[in-house]
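Here is the structure we will look at, set down as structure tokens.
Protein chains in written order, with the working numbering: chain A, 2 to 295; chain B, 2 to 295.
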């Protein structure tokens with residue numbers, strides 16, 4: 002089976018690299034060209050997404066946002082113009098669940114399968130092939146793509162039909178943002194009350210407050226290591242997707258809305274490029290007090 | 002060393018039972034009398050807290066709230082009237098960190114040690130001797146009490162000086178409430194978008210959204226098992242403590258404040274006695290939609 006990979010940024014390049022390293026023939030294309038290291042490894046550089054779709058049986062997309070996926074799929078040099086029945090399109094970008102269902106219908110109308118499979122784990126997970134992959138697909142399409150997912154990730158779950166992967170990713174980003182905010186409020190309270198936030202974090206890890214965020218992001222808040230990681234500006238994008246979805250679905254998500262406002266404040270204070278654990282800065286600025294000193 | 006235990010409710014009774022079972026002499030007292038099972042086990046029933054303080058070298062308090070601790074310590078028949086220098090008072094109730102520091106000063110002025118050691122783990126943890134115990138004390142007093150804590154709990158941390166235990170417990174309750182709210186928003190979003198919340202929970206457990214709350218309370222939301230557990234009305238008390246502390250410390254804790262409002266809504270809708278995982282009901286009522294059906 003010939004593969005395609007469109008979008009070779011900090012996530013896409015190492016992910017495509019794992020497919021090549023496993024011996025797959027990979028037709029690659031990216032807005033800024035195919036990195037020489039990938040070509041050296043054996044990637045076949047294609048000029049357009051249309052060419053990739055003509056050459057490959059199954060192709061992955063890994064680009065920043067909903068409009069980029071739309072351009073890759075349906076733009077002037079897009080995938081749709083090169084597809085023929087029986088091929089499979091797998092979008093691993095993190096984009097709108099609503100748009101995903103519309104994109105899928107248009108691709109399915111061409112006799113092809115569409116799979117949404119956003120990831121969590123960032124650049125580190127992409128390089129280490131340890132990404133969490135949340136999949137929306139038919140059972141049949143999932144079975145076809147799963148061995149390839151296993152070259153790129155570790156926790157691979159078929160969540161439901163097309164769109165369910167993106168829905169799950171949005172749910173993930175809601176919890177991550179709100180758990181960061183929760184740890185921020187708790188550590189700020191503890192520090193201002195005169196307790197050592199590091200000991201508090203340690204004590205809380207033994208009980209119901211335990212979380213991956215308390216473990217990893219709590220430590221970042223205490224040690225002031227706000228280099229990304231996952232940037233505030235990307236989490237702003239994800240929470241906007243959540244709220245756009247909430248609006249369309251008729252839901253009220255008060256803490257998600259509030260967390261986005263706090264991230265806006267972080268960005269306004271020069272923190273758009275910092276790790277999302279720096280969400281605690283919005284609380285600190287409001288209180289004129291820090292969890293810990295740098 | 003002779004021990005005392007004041008407050009023999011659903012938490013205190015099994016905790017005192019563990020001390021007796023380990024062979025300690027325990028002078029016991031409670032507002033509603035000493036349970037016959039404890040007397041049968043060997044507890045020495047005392048009529049007042051003053052008597053307990055006269056008889057015991059080290060005494061535990063386990064009562065519902067700040068005013069109850071104040072009454073036990075400084076009331077007409079309180080501990081203070083029976084203390085003599087060199088004795089140790091250990092308050093394991095969950096109460097105000099600010100009041101705790103004041104209580105400690107008054108007890109220390111009598112030549113005694115004061116230790117605050119609130120717990121997490123509930124009735125189940127009290128019975129199983131698996132409580133998480135968060136301790137505020139001097140190193141010396143902690144070393145004296147630690148072997149006794151080990152008869153009642155498992156994760157035992159000296160967080161800092163007197164008051165730090167209560168501060169840590171408040172931080173714990175902030176995170177637990179806000180993580181429940183986070184899981185509620187995420188699962189409600191996923192369910193309304195048409196995904197299976199059980200599969201979403203499963204997928205999220207593999208990544209940064211993983212938490213004890215997603216594991217335990219997320220499952221409760223999906224299976225609609227809202228029997229307590231830990232009741233909404235108790236968590237309301239704890240969040241009020243957090244906000245009282247925030248006011249005194251000059252902190253803004255926006256999500257803690259909002260979560261308390263949601264718990265008020267849960268209580269207004271008949272849920273004061275339900276498990277705190279039913280916080281999701283406030284979101285569900287607002288959205289006229291449930292994560293799952295009963």
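For every residue, glycine included, the Cβ atom is placed at its ideal position computed from N, Cα and C.
Residues in its own chain within less than 6 Å of residue 243(A) by CB, not counting five upstream and five downstream?
So the qualifying residues of the chain are 171, 175 and 257.
In the structure shown, what three-state DSSP assignment does residue 278(B) receive?
Residue state, collapsed to three classes: helix.
Could you tell me which uninterrupted alpha helix (DSSP H) segments, each at least 4 residues in length, are contained entirely in the segment 147-224 of chain B, listed from first to last along the chain?
Runs of the alpha helix (DSSP H) inside the segment 147-224 of chain B: 165-193, 198-205 and 213-224.
Name the two residues that bound the continuous alpha helix (DSSP H) containing residue 21(A).
Unbroken alpha helix (DSSP H) run through residue 21(A): 13-22.
CA-CA distance, residue 91(B) and residue 79(B)?
Their backbone Cα atoms lie some 14 Å apart in a straight line.
Leaving out five residues on either side along the sequence, give the residues of the same chain with a beta carbon under 6 Å from the beta carbon of residue 5(A).
Hits under 6 Å: 28, 53, 57 and 60.
Where residue 108(A) falls: helix, strand or coil (DSSP):
Looking at residue 108(A) - three-state DSSP - the assignment turns out to be helix.
Please compile the residues from chain A whose C-beta is within a distance smaller than 9 Å of the C-beta of residue 182(B).
Identification of chain A residues near residue 182(B) by a Cβ-Cβ cut-off of 9 Å yields 179, 183, 255 and 256, ordered along the chain.
Run through chain B and tell me which residues come within less than 7 Å of residue 135(A), C-beta to C-beta.
Residues of chain B passing the Cβ test: 204.
For residue 88(B), which option in 145(B), 123(B), 77(B) and 266(B) has the closest C-alpha, if you only look at C-alpha atoms?
Among 145(B), 123(B), 77(B) and 266(B), the Cα nearest to that of residue 88(B) is on 145(B).
Residue interval of the alpha helix (DSSP H) (run including residue 70(A))
Residue 70(A) -> alpha helix (DSSP H) spans 67-75.
Flag this pair as touching only if the segment 150-161 of chain A and the segment 247-264 of chain A have three or more C-beta atom pairs under 8 Å; answer yes or no.
Segments in contact, no.
Residues near residue 181(A) in its chain [Cβ-Cβ closer than 7 Å; skip 5 each side]
Around residue 181(A): 214, 218, 277, 278 and 280.
Determine whether the beta carbon atoms of residue 96(A) and residue 249(A) lie at a separation below 8 Å.
No.
If you count every other CB in all the chains shown that lies within 10 Å of the CB of residue 18(B), and 16 or more means buried, which is it?
Residue environment for residue 18(B): buried (at least 16 other C-beta atoms within 10 angstroms of its C-beta).
Helix, strand or coil: which one does DSSP assign to residue 94(B)?
Of the three classes helix, strand and coil, the one that applies to residue 94(B) here is coil, per DSSP.
Test: residue 267(B) CB closer than 8 Å to a CB of chain A:
Contact with chain A is absent for residue 267(B), since none of that chain's Cβ atoms lies less than 8 Å from the residue's Cβ.
Chain A contact residues for residue 209(B), given Cβ-Cβ distances below 7 Å:
For a Cβ distance threshold of 7 Å, residue set 121, 177, 213 and 214 of chain A lies close to residue 209(B), ordered along the chain.
Report yes if the C-beta distance between residue 125(A) and residue 93(A) is below 8 Å; otherwise report no.
Contact flag unset, no.
Going along chain A in order, which residues have a C-beta closer than 9 Å to the C-beta of residue 200(B)?
Going along chain A in sequence order, the residues near residue 200(B) (Cβ under 9 Å) are 158, 159, 160, 161, 165 and 169.
Quick check: residue 70(B) and residue 115(B), are their CB atoms within less than 8 Å of each other?
Not closer than 8 Å, so no.
Start and end of the alpha helix (DSSP H) containing residue 41(B)?
Unbroken alpha helix (DSSP H) run through residue 41(B): 37-42.
Please go through the same chain and pick out, in chain order, the residues whose beta-carbon is closer than 6 Å to the beta-carbon of residue 67(A), but skip the five residues on each side of it.
Correct list, in chain order: 96, 97 and 100.
Any contact between the segment 185-205 of chain B and the segment 228-245 of chain B? By contact I mean 3 or more CB pairs, one from each, below 8 Å.
Taking a cut-off of 8 Å for Cβ pairs, the segment 185-205 of chain B and the segment 228-245 of chain B do not touch, as fewer than three such pairs fall below it.
Give the interface partners of residue 193(A) over in chain B, defined as CB-CB distance under 7 Å, in chain order.
What residue 193(A) touches in chain B: 250 and 252.
Which class does residue 83(B) belong to by DSSP, given the choice of helix, strand or coil?
In this structure, residue 83(B) counts as coil in the three-state DSSP scheme.
Within this structure, are the beta carbons of residue 55(A) and residue 13(A) separated by less than 8 Å?
The answer is no: Cβ separation not under 8 Å.
Cα-Cα separation between residue 190(A) and residue 136(B), rounded to whole angstroms:
Spanning the two alpha carbons is a distance of roughly 17 Å.
Does chain A have any CB closer than 8 Å to the CB of residue 186(B)?
True, the Cβ-Cβ gap to chain A drops below 8 Å.
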